[in-house]
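Undergrad: I have a structure here, written as structure tokens, and I will follow up with some questions on it.
Here's what the structure looks like:
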């Protein structure tokens, strides 16, 4: 049976009557447009306990909306291996992604889901010659995590959020990914001094690389922060947009956070450039962000050109 690719459309046009051919012109035009536009490659990085196979729907949305797009879901640190330390994951993902960047003269886009959003921040901060245009952070705990979620109960059945710091802020705890961004607002000093990952990315403690990391991060063209109040895993959900708890567990929005006000890694600069986009969608549970077509069309589609 003959397919429906651009080549087959051209063959059909030559064989069809003038009336039928007229119906094919819009489809042929779409194919020509895709070949001329040359959509940038999209790189997807998964989250905690995920694997590349979980992103079939998102790949389909992208290819339907932007035909011809090269979409790569990085198949590393799947399932249980996603508990490996964050810097180890950054190193591994970076090695897999860098050749794709080198072969993309016009740059690439990142879609980074959940924990993967923090992995991507590590890559963007430490890779001086990256060529990422849109960095789409899809329900990622960018300001940290502090909540009694099902993930927490599965990983640490003997702990609740109030006492997990006893484990996470130790050398052993920092060997587990979620502890690298566990942010207990009641033990701020322990977090700042013990977090081997998020506290460094946020320059919340002295970091000799902070100036260089900020320069690298600001090479992105757009930062799109996606989240919503019904997520159920990212806690508080506003962490997906750099909001977080104060010591009373009252959420302080991004614009009032110290890391924004001092522009420690570039959020305020991105906002001033008009390149910081917040997209909030209610009614989406955490595991469905990458499979929800409304989320794709509302928050992602326009930034993947």
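Residue numbers (the numbering used here): 911 to 1215.
Backbone N, C-alpha and C fix where the C-beta goes; we use that ideal spot for every residue, glycine too.
Please state whether DSSP places residue 1113 in a helix, a strand or coil.
TA: By 1-based counting over the chain shown, the position of residue 1113 is 203. Reduced to three states, the DSSP call for residue 1113 is coil.
Undergrad: At what residues does the alpha helix (DSSP H) containing residue 1078 begin and finish?
TA: Sequence index remark: in the chain shown, residue 1078 carries index 168 (1-based). Looking at the DSSP string, the run of the alpha helix (DSSP H) that includes residue 1078 is 1075–1078.
Undergrad: With DSSP as the reference, label residue 1019 as helix, strand or coil.
TA: Here residue 1019 is taken as the residue at index 109 of the chain shown, counted from 1. It is a strand residue.
Undergrad: Between the alpha carbons of residue 1117 and residue 977, how many angstroms are there, rounded?
TA: Within the chain shown, the letter at position 207 stands for residue 1117. Within the chain shown, the letter at position 67 stands for residue 977. Between the alpha carbons of residue 1117 and residue 977 lies a distance of about 43 Å.
Undergrad: Which whole-angstrom value is the C-beta distance of residue 1134 and residue 1044, which I expect to be below 8 Å?
TA: On the chain shown, position 224 is the one that residue 1134 refers to. On the chain shown, position 134 is the one that residue 1044 refers to. Indeed, because the Cβ distance is near 6 Å, the residues count as touching under 8 Å.
Undergrad: Compare the beta carbon distance of residue 1126 and residue 1038 with 9 Å and say whether it is the shorter of the two.
TA: The count along the chain shown starts at 1 and reaches residue 1126 at position 216. The count along the chain shown starts at 1 and reaches residue 1038 at position 128. Result yes, Cβ atoms of residue 1126 and residue 1038 sit closer than 9 Å.
Undergrad: What's the C-alpha gap between residue 1002 and residue 1158?
TA: Walking along the chain shown from the start, residue 1002 turns up at place 92. Walking along the chain shown from the start, residue 1158 turns up at place 248. Their Cα atoms are separated by approximately 38 Å.
Undergrad: Does DSSP put residue 1144 in a helix, in a strand, or in coil?
TA: Taking the first residue of the chain shown as 1, we reach residue 1144 at position 234. Coil, per DSSP.
Undergrad: Taking three-plus beta-carbon pairs below 8 Å as touching, is the segment 1002–1016 in contact with the segment 971–989?
TA: Yes, the segment 1002–1016 is in contact with the segment 971–989.
Undergrad: Using CA coordinates, which residue listed in 1016, 952, 1054 is at the minimum distance from residue 1169?
TA: The sequence position of residue 1169 within the chain shown is 259, counting from 1. Closest by alpha carbon: 1054.
Undergrad: As a quick exercise: from 1079, 1083, 1112, 1190, pick the residue whose alpha carbon is nearest that of residue 1099.
TA: One-based indexing of the chain shown puts residue 1099 at position 189. Answer by Cα proximity: 1079.
Undergrad: Starting from residue 948, trace the alpha helix (DSSP H) both ways and give me its first and last residue.
TA: Working through the chain shown from its first residue, we reach residue 948 at position 38. Here residue 948 belongs to no alpha helix (DSSP H), and DSSP marks it neither H nor E.
Undergrad: Across which residues does DSSP place residue 1045 in a beta bridge pair?
TA: Along the chain shown, read from residue 1 onward, the residue named residue 1045 stands at position 135. Looking at the DSSP assignment, residue 1045 forms a beta bridge with 1020, 1133.
Undergrad: Just the C-alpha distance for residue 1137 and residue 1153, rounded to the nearest angstrom, thanks.
TA: Mapped onto the chain shown, residue 1137 falls at position 227. Mapped onto the chain shown, residue 1153 falls at position 243. Rounded to the nearest angstrom, the two C-alpha atoms are 11 Å apart.
Undergrad: Residues in the same chain with beta-carbon distance under 8 Å from residue 1184, minus the five sequence neighbours each way, listed in chain order, please.
TA: Numbered from 1 along the chain shown, position 274 holds the residue referred to as residue 1184. Around residue 1184: no qualifying Cβ.
Undergrad: Alpha carbon to alpha carbon, how far is residue 948 from residue 1102?
TA: For the purposes of this step, residue 948 is identified with residue 38 of the chain shown, where counting begins at 1. For the purposes of this step, residue 1102 is identified with residue 192 of the chain shown, where counting begins at 1. C-alpha separation (whole angstroms): 44 Å.
Undergrad: Short of 6 Å in beta carbon distance, which residues of its chain neighbour residue 1025, apart from the five on each side in sequence? Order them along the chain.
TA: As a working mapping, residue 1025 is identified with position 115 in the chain shown. Around residue 1025: 957, 958.
Undergrad: Suppose the cutoff is 6 Å on Cβ atoms and the five residues either side in sequence are ignored; what does the same chain contact list for residue 1130 look like?
TA: For the purposes of this step, residue 1130 is taken as residue 220 along the chain shown, with counting starting at 1. Result list for residue 1130: 1042, 1045, in chain order.
Undergrad: How far does the alpha helix (DSSP H) with residue 982 in it reach, from first residue to last?
TA: Against the chain shown, residue 982 aligns to sequence position 72. Run containing residue 982: none in the alpha helix (DSSP H); it sits in the beta strand (DSSP E), 981–983.
Undergrad: For residue 950, count the other beta carbons within 10 Å of its own beta carbon; 16 or more makes it buried, fewer makes it exposed. Which is it?
TA: Here residue 950 refers to the residue found at position 40 of the chain shown. Result: buried.
Undergrad: Kindly indicate the opening and closing residues of the alpha helix (DSSP H) around residue 1088.
TA: Counted from its first residue, the chain shown places residue 1088 at position 178. Per DSSP, residue 1088 belongs to the alpha helix (DSSP H) from 1087–1090.
Undergrad: Have a look at residue 999 and residue 1086 and give me their C-alpha separation to the nearest angstrom.
TA: As a working mapping, residue 999 is identified with position 89 in the chain shown. As a working mapping, residue 1086 is identified with position 176 in the chain shown. About 11 Å.
Undergrad: Spatial neighbours of residue 1017 within its chain, please: CB distance less than 7 Å, with the 5 preceding and 5 following residues excluded, ordered by chain position.
TA: Counted from its first residue, the chain shown places residue 1017 at position 107. Here the set comprises 950, 1041, 1042, 1043.
Undergrad: Give the straight-line distance between the Cα atoms of residue 941 and residue 980, rounded to the nearest whole angstrom.
TA: Start at 1 with the first residue of the chain shown, and residue 941 comes out as number 31. Start at 1 with the first residue of the chain shown, and residue 980 comes out as number 70. Low per-residue confidence applies at residue 941: pLDDT is 47, beneath 50, and the placement is therefore not dependable enough to give any value.
Undergrad: Take residue 1083 and list the residues in its own chain whose beta-carbon comes closer than 7 Å to its own, dropping the five residues that flank it on each side.
TA: Start at 1 with the first residue of the chain shown, and residue 1083 comes out as number 173. These residues qualify, in order along the chain: 1077, 1089.
Undergrad: If we ignore side chains and look at the alpha-carbon of each, how far apart do residue 933 and residue 974 end up?
TA: Start at 1 with the first residue of the chain shown, and residue 933 comes out as number 23. Start at 1 with the first residue of the chain shown, and residue 974 comes out as number 64. Residue placement at residue 933 is flagged as unreliable, the pLDDT there being 49, under the threshold of 50; the coordinate-derived value follows with that caveat. Cα to Cα, residue 933 sits roughly 20 Å from residue 974.
Undergrad: Bridge partners for residue 1155 per DSSP, in chain order?
TA: The residue given as residue 1155 occupies position 245 in the chain shown. Note: residue 1155 sits in a beta bridge opposite 1161.
Undergrad: Going by the DSSP bridge assignment, what does residue 1186 pair with across the sheet?
TA: Position 276 of the chain shown holds residue 1186. Note: residue 1186 sits in a beta bridge opposite 1133.
Undergrad: Only counting the same chain, and skipping five residues up and downstream in sequence, which positions put a Cβ closer than 7 Å to that of residue 1096?
TA: Residue numbering aside, residue 1096 sits at position 186 when the chain shown is read from its first letter. Short of 7 Å from the beta carbon of residue 1096, and not among the five residues preceding or following it, lie these beta carbons of its own chain, in chain order: 1157.
Undergrad: From residue 963 to residue 1211, what distance separates their C-alpha atoms?
TA: Taking the first residue of the chain shown as position 1, residue 963 is located at position 53. Taking the first residue of the chain shown as position 1, residue 1211 is located at position 301. For residue 963 and residue 1211, the distance between alpha carbons rounds to 21 Å.
Undergrad: Helix, strand or coil: which one does DSSP assign to residue 1195?
TA: Locating residue 1195 in the chain shown gives position 285, counting from the first residue. The answer is coil: DSSP assigns residue 1195 none of H, G, I, E or B.
Undergrad: Less than 9 Å between the beta carbons of residue 1056 and residue 1155, yes or no?
TA: Taking the first residue of the chain shown as position 1, residue 1056 is located at position 146. Taking the first residue of the chain shown as position 1, residue 1155 is located at position 245. Result yes, Cβ atoms of residue 1056 and residue 1155 sit closer than 9 Å.
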